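Asker: Line by line, the protein sequences are chains A and B.
Mapped onto the numbering used here, the consecutive letters of the first sequence carry residue numbers 144 to 620.
Mapped onto the numbering used here, the consecutive letters of the second sequence carry residue numbers 144 to 620.
Where a beta carbon is used, it is the ideal one built from N, C-alpha and C, also for glycine.
Bear in mind that the values here come from a model prediction, so they are computed numbers and not experimental data.
2 protein chains.
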Amino acid sequence: MDMPAANADILARRDAIVARLAEALPEDALISDPRQTRAYDCDALSIYSCPPLAVTLPRTTEEVATVLRICSDEGVPVIPRGSGTGLTGGALPTADAVVLGVARMNAVLETDYDNRLIRVQTGRTNLSVTGAVEADGWFYAPDPSSQLACAIAGNIAMNSGGAHCLKYGVTTNNLLGVTFVTMAGEIMEIGGPAMDAAGYDLLGLICGSEGQLGVVTEATLRILPKPEGARPILIAYDSAVTAGACVSDIIRAGVLPVAIEFMDKPIIHLTEAFVGAGYPMDAEALLIVEVEGSKAEIDDQLARIKAIAQRHNPTTLRESASEAQSKAIWAGRKAAFGATGQVADYLCMDGTIPTSALPETLGRMTELASDYGLRVANVFHAGDGNLHPLIMFDANDPEELRKAEALGAEILLLCVEQGGCLTGEHGVGVEKRDLMGRQYGQADLEAQMAMKDVFDPAWLLNPAKVFPLDMRNGRRV
Amino acid sequence: MDMPAANADILARRDAIVARLAEALPEDALISDPRQTRAYDCDALSIYSCPPLAVTLPRTTEEVATVLRICSDEGVPVIPRGSGTGLTGGALPTADAVVLGVARMNAVLETDYDNRLIRVQTGRTNLSVTGAVEADGWFYAPDPSSQLACAIAGNIAMNSGGAHCLKYGVTTNNLLGVTFVTMAGEIMEIGGPAMDAAGYDLLGLICGSEGQLGVVTEATLRILPKPEGARPILIAYDSAVTAGACVSDIIRAGVLPVAIEFMDKPIIHLTEAFVGAGYPMDAEALLIVEVEGSKAEIDDQLARIKAIAQRHNPTTLRESASEAQSKAIWAGRKAAFGATGQVADYLCMDGTIPTSALPETLGRMTELASDYGLRVANVFHAGDGNLHPLIMFDANDPEELRKAEALGAEILLLCVEQGGCLTGEHGVGVEKRDLMGRQYGQADLEAQMAMKDVFDPAWLLNPAKVFPLDMRNGRRV
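(1) A/E188 and A/L243: beta carbons closer than 9 angstroms?
(2) Cα separation between B/S581 and A/V358?
(3) Thinking C-beta only, is B/M338 closer than 9 angstroms to A/G304?
(4) Are B/I496 and B/L430 closer than 9 angstroms when you measure CB to CB?
(5) Would you kindly work out how many angstroms separate the C-alpha atoms of B/N605 and A/G436, rounded to a whole number?
(6) Whose CA, out of B/D599, B/M594, B/W602 and B/E589, lies closest to the CA of B/M614?
(7) Name the chain A residues that come within less than 7 angstroms of B/G335, Cβ to Cβ?
(8) What does the Cβ neighbour count give for A/T268, buried or exposed, with the cut at 16 atoms within 10 Å?
(9) Identify whether B/F417 lies in helix, strand or coil by the three-state DSSP scheme.
(10) Can you say whether A/N521 is buried or exposed, counting buried as having 16 or more other CB atoms within 10 angstroms of its CB?
(11) Can you give me the start and stop residues for the beta strand (DSSP E) that A/T254 sits inside?
(12) Take B/E574 as the anchor and find which of B/G551, B/G354 and B/D527 has the nearest alpha-carbon.
(13) Got a sec: is the Cβ-Cβ distance from B/L208 to anything in chain A below 9 angstroms?
(14) Could you say which of A/A471, A/A396, A/I410 and A/S465 lies nearest to A/A420 if we only look at CA atoms?
(15) Since B/L348 meets chain A, which of its residues come closer than 9 angstroms, beta carbon to beta carbon?
(16) Can you give the Cα-Cα distance for A/A149 and A/D216, rounded to whole angstroms?
(17) Buried or exposed: which applies to B/A172, given that a residue is buried once 16 or more other Cβ atoms fall within 10 Å of its Cβ?
(18) Based on DSSP bridge pairs, tell me the residues matched to A/N521.
(19) Taking only beta-carbon atoms, is B/V313 less than 9 angstroms away from chain A?
(20) Nearest chain B C-beta to A/K310 closer than 9 angstroms, yes or no?
(21) For chain A, check one thing: does any of its Cβ atoms lie closer than 9 angstroms to the Cβ of B/F610?
(22) Quick check: what's the CA-CA separation for B/L252 versus B/E361?
(23) With a threshold of 7 angstroms on Cβ separation, who are the neighbours of B/A306 within its own chain once the five nearest residues in sequence on each side are excluded?
(24) How about B/V609 and B/Q355: are their beta carbons less than 9 angstroms apart?
(25) Against chain A, which members of the segment 509-540 of chain B pass a CB distance test of less than 9 angstroms?
(26) Go to B/Y283, then tell me how far its alpha helix (DSSP H) extends in each direction, as first and last residue.
(27) Identify the residues that DSSP records as bridge partners of B/D407: which are they?
(28) Ignore the nearest five residues each way along the sequence and tell me which others in B/I330's own chain have a CB closer than 7 angstroms to its CB.
(29) Count the CB pairs spanning the segment 371-385 of chain A and the segment 491-507 of chain A that are closer than 8 angstroms, and state whether there are at least three.
(30) What residues of chain B sit near A/S289, judged by a beta carbon separation below 8 angstroms?
(31) I want to know whether the segment 178-186 of chain B touches the segment 154-170 of chain B - three or more CB-CB distances under 8 angstroms.
(32) Would you say B/C293 lies against chain A (beta-carbon separation less than 9 angstroms)?
(33) Give the DSSP bridge partners of A/F480, in chain order.
(34) What are the boundary residues of the beta strand (DSSP E) that includes B/F323?
(35) Just reading off the beta strand (DSSP E) that A/L505 is part of, what are its end residues?
(36) Grab me the residues of A/M579's own chain with a C-beta within less than 8 angstroms of its C-beta, minus the 5 sequence neighbours each way, in chain order.
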C-alpha cells in the first residue's frame with residue numbers, strides 16, 4: 144500500500160502553520176512536539192504509521208471550524224480522528240497533515256426519552272453513550288467489539304456495526320442527525336429529532352464517508368429501551384457447511400435473533416486454550432444465537448430456533464439456563480481477537496456476502512489460505528453475512544506480511560465475486576483503497592468522488608484514503 | 144405556487160424531438176397526441192395540471208437510457224413518473240418536458256428467500272411486490288395508503304412510509320440496491336444483495352431524491368417473513384392531549400407495535416358516517432395500536448399496552464377477539480380519506496414532529512384552522528410523529544383554495560418550528576417547494592443542489608420541483 148509523498152511546500156511552512164493554529168486555539172488544544180504527537184502516528188492498523196505535522200484537540204464545534212478554516216486557507220490536509228481504534232488506517236496521518244482529534248469532545252448534550260434520543264459530542268465513546276442512559280433502562284444499539292474505546296465520530300465515519308446489529312441495524316439505522324463542519328469551516332445541521340428530512344438525504348451520505356466530507360462534531364442518536372432479558376444458545380456442527388445451512392434456515396424462517404455469531408474450528412481451539420469457555424472441541428463450526436425480549440418471547444423464539452437447529456443434527460446444543468451460563472457461552476466469542484493475538488500477529492479482514500453464499504465462501508477461503516501457506520481463523524456476524532477472517536502471520540517477517548496482505552485482498556475480492564462487498568463495518572481507509580477499483584468501475588467512482596468535490600473541492604480532508612490513487616482523474620493524491 | 148414558463152425554443156422544436164424519440168423507441172412506447180397524453184397531465188395533486196410535450200413508456204432499462212440520452216442531447220426536461228399517485232405534484236409536467244413513465248416495467252426479476260430479497264422493475268406496484276411472495280409466507284413492509292396503485296419507483300423517489308413503518312422502517316430501510324440511469328443515459332448499479340457498500344452511500348442519497356438525480360429502473364428490496372398473526376386494539380380518550388400522552392408512554396416503555404394510528408374527533412365522525420365501523424362517537428381522540436408476532440408475543444405486548452392505556456382512563460378500550468373484529472377496527476381508519484372526500488375537497492398535508500410535541504402541535508393546529516375558518520381532520524401515524532392533516536375546502540371557490548394552501552403552509556411551518564420536518568413520506572414536489580427556504584438556509588440548500596449539479600449538471604430532471612425557484616443561484620428554474 145503506497146502513501147503519497149508529503150507536500151514539500153507545506154513541510155517548509157510548518158512553523159508558520161503551527162504558529163497560526165497556536166494563536167487561534169487554547170494552549171492545550173494543540174500538540175506540535177513530535178515526541179508528544181507519537182500517539183497519533185497510527186490507528187489500530189498499526190503496521191502503517193507516520194508522524195503528522197501537528198495534532199489539534201478542540202473542545203467545541205467552533206474550535207473544530209477554526210482548525211478547518213485555517214487548514215483550508217493554508218492548503219493543509221486534515222486527518223479527522225475519533226479514538227484511533229479503526230482497523231483500516233482511516234486515521235493514518237501523512238507528514239504534511241494536521242490530525243484533528245475529537246476525543247476531548249465527549250459531553251452528553253441532551254437525553255430525551257419521550258423521543259427516544261440522546262445528543263452527544265462525537266468524541267464520546269460508544270459504550271459511554273449507553274452508560275449515560277442505562278440507569279433509566281435504555282441503551283444505544285450498535286456495539287462494535289471496540290465499544291469500550293471507540294468514539295461515535297469513528298462509528299459514524301465507518302458506519303460501524305457489531306454483534307447485535309442483525310436486529311437493530313448498524314450506525315446509519317440509529318443516527319438521526321449531526322452537526323457537521325465542512326473543510327471550509329462552515330457549520331451545518333443535518334437531520335434532527337423528527338422522522339425523515341425534506342430534500343436530499345445528506346445524513347445517509349455523510350454516515351460512512353470516512354471523514355472525507357466533513358467533521359461530525361455532534362450526533363443525535365436513537366436509543367432503545369433495554370429488553371427485559373436476553374438468552375444465548377450454543378449450537379455446534381461437524382461441518383461448516385451445515386452450520387451455514389442452519390443460519391440460512393433461521394433467517395429464512397423469519398426468526399430475528401439479536402445476534403448469530405459463527406466461529407470455525409481454528410478459532411474455537413484458539414479461544415478454548417485462552418479462556419476455557421467449555422466449547423466443544425470436536426466441532427467444526429459453532430453458532431451462538433442470542434434472542435431478547437420478555438421471558439415469553441425468548442421461550443417462543445428459542446423453541447423455534449432449537450427446532451431448526453435440531454433438523455441439522457447438531458453435535459452440541461446448549462441453551463443457557465442462567466446468567467453464568469450465558470457469560471460462559473459468550474466468553475470465548477468475546478475473547479476471540481485477544482486469543483488470536485496471543486499466538487500470532489493477525490490482520491482482521493471485513494467483507495460481506497449474501498448469507499446464502501456462506502458455505503461456498505468459507506470453503507474457498509480455506510483453499511486460498513492453504514495456497515498461501517497461512518492460517519485463517521473465522522469469527523463473524525453470520526446473520527448479516529459480515530465476515531471477519533483473521534489472517535495469522537509473523538509481523539517481523541516482511542515476506543509474511545506481504546503474503547498476508549495479498550491473501551486478505553484475495554479474500555475480499557472473493558466476497559465481491561460472491562455478490563458481496565469489500566467492507567461491512569471497518570471501512571475502506573488505506574487498507575482497501577486500492578481494491579475499490581475491483582468493486583467499482585471508473586464511472587461509479589466518479590459519482591462518489593464528485594460528492595467529495597462538492598464538500599471538499601481541494602481534497603484536503605483525509606485525502607489519501609478510500610479512492611485508488613490511480614483512478615482520481617487529476618484530483619489530489 | 145408558480146411554475147416556470149415553458150422554454151419557447153423547445154416548443155418550437157417539438158416535432159423534431161418527437162420524431163427522434165419515435166425513431167429510437169418501439170411504436171407503443173411513445174405517446175405524443177395531446178388527447179392521449181391527458182392522463183399524464185397531473186398526478187394526485189390534481190389541483191395543478193399541464194399537458195407535457197410527449198410521454199414515453201419504456202419497457203427496459205436500455206430504453207430508459209435511450210430516452211434520457213435523447214432528451215439530454217436536445218436539452219429537454221424529463222419528468223419521471225411511477226403510477227402518478229403522488230400527493231405533492233412530483234410528477235407534474237411542464238409543457239416543454241417529456242414524461243418518462245415506468246408503469247410498463249413491472250416484472251419480478253428474482254426472488255431469493257435465503258437472502259430475504261426480491262428484485263423487481265420499479266414500475267411494479269407496491270402491493271404486487273408482496274403479492275409475488277406472500278404465498279411463500281413473505282411480505283414487503285412499507286405500505287403507503289396508495290399501495291394498490293403506487294409504484295416502487297415513486298416509493299423510492301419519495302422515501303414512502305405507511306402505517307406499519309413504525310416497526311419496519313420506511314423505504315430507505317428496506318431498499319438494498321438499485322439500477323439507476325443518469326440524465327446522460329449512463330446505467331449504474333448501486334448497492335446490492337449484501338450488507339453495506341464500500342465508499343459513499345449513494346443509495347441513501349438516491350432514495351428520497353424525488354426523481355431529480357436519475358431514473359431508478361430496478362430495485363432490490365428486503366422482504367420479511369409474514370408474522371404468525373396480528374391483533375389491533377382500539378383505545379379512545381376524551382382529550383387529544385391524553386391520547387398523545389398515551390402514545391408517548393407506549394413509545395417510552397419500549398413496546399414496539401407495528402402501528403400506532405391516531406384519529407381526531409372530526410375524522411372519527413366523518414368515517415363513522417361513511418362506513419359505520421362502530422367507533423365511539425363521544426371520543427375526542429382514538430388510537431389504533433396493532434402488534435404482530437406469535438400468539439405469546441401478541442398477548443405479552445398487548446397486556447403491556449393495555450396497562451399503559453388504562454393508566455390514562457380511556458373512555459373505550461376494545462381488543463380485537465376475532466378476524467372480523469380486527470377488520471372492523473381498521474375499517475374506519477382505512478376509509479378515512481374516502482370519507483373526507485365524500486363531504487369536501489381536501490388537501491392532505493404531511494409533516495413530522497418529535498412524538499413528544501404531539502399534544503401542543505394538535506392544539507395549535509386547531510387554533511390555526513379556526514383562524515382561517517376551515518375544518519381540519521387528523522388521521523396519522525402517531526408512533527413516528529408523522530402527521531397527515533386533511534384540510535377541507537371547496538375547490539370551486541378559488542379563494543378557499545388559496546386559504547387552504549396558506550393554512551397548509553402554516554401547519555407545515557408549525558411542524559418545522561416544533562423540531563420536525565416539512566414532509567414525512569409524500570415528498571416536497573411542487574407543493575412544498577417554496578417552503579424549503581423556511582426549513583433550510585441557503586448554505587444547506589446549496590449543499591443539496593450541488594448533489595443535483597453532479598448527477599444532472601443541466602438540471603433537466605424534474606427541474607421545477609423541490610428547490611425554491613428564487614434560491615437556485617443561477618441554476619435552471
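Answerer: With the structure as the only source:
(1) For the purposes of this step, residue 188 of chain A is taken as residue 45 along the first sequence, with counting starting at 1. For the purposes of this step, residue 243 of chain A is taken as residue 100 along the first sequence, with counting starting at 1. At residue 188 of chain A the sequence reads Leu, which differs from the Glu that was named. Using a Cβ distance threshold of 9 angstroms, A/L188 and A/L243 do not count as a contacting pair.
(2) Here residue 581 of chain B refers to the residue found at position 438 of the second sequence. Here residue 358 of chain A refers to the residue found at position 215 of the first sequence. It should be pointed out that residue 581 of chain B corresponds to Arg in this sequence rather than to Ser. Using only the alpha carbons, I get a separation of about 25 angstroms.
(3) Here residue 304 of chain A refers to the residue found at position 161 of the first sequence. Here residue 338 of chain B refers to the residue found at position 195 of the second sequence. A contact, by the Cβ cut-off of 9 angstroms.
(4) Position 353 of the second sequence, counted from the start, is the residue given in the question as residue 496 of chain B. Position 287 of the second sequence, counted from the start, is the residue given in the question as residue 430 of chain B. Contact flag unset, no.
(5) For this step, residue 605 of chain B is matched to residue 462 along the second sequence. For this step, residue 436 of chain A is matched to residue 293 along the first sequence. Each residue's Cα considered, the two are about 46 angstroms apart.
(6) Looking up residue 614 of chain B in the second sequence gives position 471. The candidate whose alpha carbon is nearest that of B/M614 is B/E589.
(7) The residue given as residue 335 of chain B occupies position 192 in the second sequence. Annotation: Cβ neighbours of B/G335 in chain A (cutoff 7 angstroms, chain order): G562.
(8) Here residue 268 of chain A corresponds to residue number 125 of the first sequence, with the count starting at 1. A/T268 comes out buried.
(9) For this step, residue 417 of chain B is matched to residue 274 along the second sequence. DSSP places B/F417 in helix when its eight states are reduced to three.
(10) On the first sequence, residue 521 of chain A is found 378 positions in, with the first residue counted as 1. A/N521 is classed as buried because its beta carbon has at least 16 other beta carbons within 10 Å across all chains shown.
(11) Position 111 of the first sequence, counted from the first residue, corresponds to residue 254 of chain A. V251 to D255 is the span of the beta strand (DSSP E), which, as asked, contains A/T254.
(12) As a first step, residue 574 of chain B is located in the second sequence; it is residue number 431 there, counting from the start. Comparing Cα positions, the closest option is B/G551.
(13) For the purposes of this step, residue 208 of chain B is taken as residue 65 along the second sequence, with counting starting at 1. The amino acid at residue 208 of chain B is misidentified as Leu; the sequence shows Ala. No, its Cβ sits nowhere closer than 9 angstroms to a Cβ of chain A.
(14) Looking up residue 420 of chain A in the first sequence gives position 277. Closest option to A/A420, Cα to Cα, is A/A471.
(15) For this step, residue 348 of chain B is matched to residue 205 along the second sequence. Chain A residues near B/L348: Y343, D344, L345, G347, L348 and M594.
(16) Translated into the one-based positions of the first sequence, residue 149 of chain A becomes position 6. Translated into the one-based positions of the first sequence, residue 216 of chain A becomes position 73. Distance between the alpha carbons of A/A149 and A/D216: 18 angstroms.
(17) For the purposes of this step, residue 172 of chain B is taken as residue 29 along the second sequence, with counting starting at 1. So B/A172 counts as buried.
(18) Numbered from its first residue, the first sequence carries residue 521 of chain A at position 378. In the DSSP output, where bridge partners are listed per residue, A/N521 has A/P532.
(19) The count along the second sequence starts at 1 and reaches residue 313 of chain B at position 170. The C-beta of B/V313 comes closer than 9 angstroms to at least one C-beta of chain A.
(20) Taking the first sequence and counting its residues from 1, the one referred to as residue 310 of chain A is at position 167. No, its Cβ sits nowhere closer than 9 angstroms to a Cβ of chain B.
(21) One-based indexing of the second sequence puts residue 610 of chain B at position 467. Chain A places a beta carbon closer than 9 angstroms to that of B/F610, counting this residue as a contact.
(22) The residue given as residue 252 of chain B occupies position 109 in the second sequence. The residue given as residue 361 of chain B occupies position 218 in the second sequence. Each residue's Cα considered, the two are about 9 angstroms apart.
(23) Residue mapping note: residue 306 of chain B aligns to position 163 of the second sequence, counting from 1. In the same chain as B/A306, and ignoring 5 residues on each side of it, the C-beta atoms closer than 7 angstroms to its own belong to D286, A402, E404 and H524, in chain order.
(24) On the second sequence, position 466 is the one that residue 609 of chain B refers to. On the second sequence, position 212 is the one that residue 355 of chain B refers to. In this structure, B/V609 lies near B/Q355, with their beta-carbon atoms less than 9 angstroms apart.
(25) Residues passing the 9 angstroms Cβ filter: H524, D527, G528 and N529.
(26) Sequence index remark: in the second sequence, residue 283 of chain B carries index 140 (1-based). First-last for B/Y283: undefined, no H or E at that position.
(27) Here the question's residue 407 of chain B lines up with position 264 in the second sequence. Its beta-bridge partners are B/A428.
(28) Within the second sequence, numbered from 1, the residue matching residue 330 of chain B stands at position 187. Excluding five sequence positions before and after B/I330, the CB atoms of its chain that fall closer than 7 angstroms to its own CB belong to T204, A208, T322 and V324, given in chain order.
(29) These segments touch.
(30) Counting from one through the first sequence, the residue named residue 289 of chain A turns up at place 146. Near A/S289 there are no residues of chain B at all, since even the closest Cβ is about 17 angstroms away, more than 8 angstroms.
(31) Segments in contact, no.
(32) For the purposes of this step, residue 293 of chain B is identified with residue 150 of the second sequence, where counting begins at 1. B/C293 has a beta carbon lying at 9 angstroms or more from every beta carbon in chain A.
(33) For the purposes of this step, residue 480 of chain A is taken as the residue at position 337 of the first sequence. Residue pairing for A/F480: DSSP places it in no beta bridge.
(34) If you number the second sequence from 1, residue 323 of chain B lands on position 180. It spans L318 to V324 - the beta strand (DSSP E) in which B/F323 sits, taken as one unbroken run.
(35) Within the first sequence, numbered from 1, the residue matching residue 505 of chain A stands at position 362. A/L505 -> not in any beta strand (DSSP E); alpha helix (DSSP H) instead, spanning L501 to Y515.
(36) Within the first sequence, the letter at position 436 stands for residue 579 of chain A. So the list reads L565, V571, L588, V609, F610, P611 and M614, once near-sequence residues are dropped.
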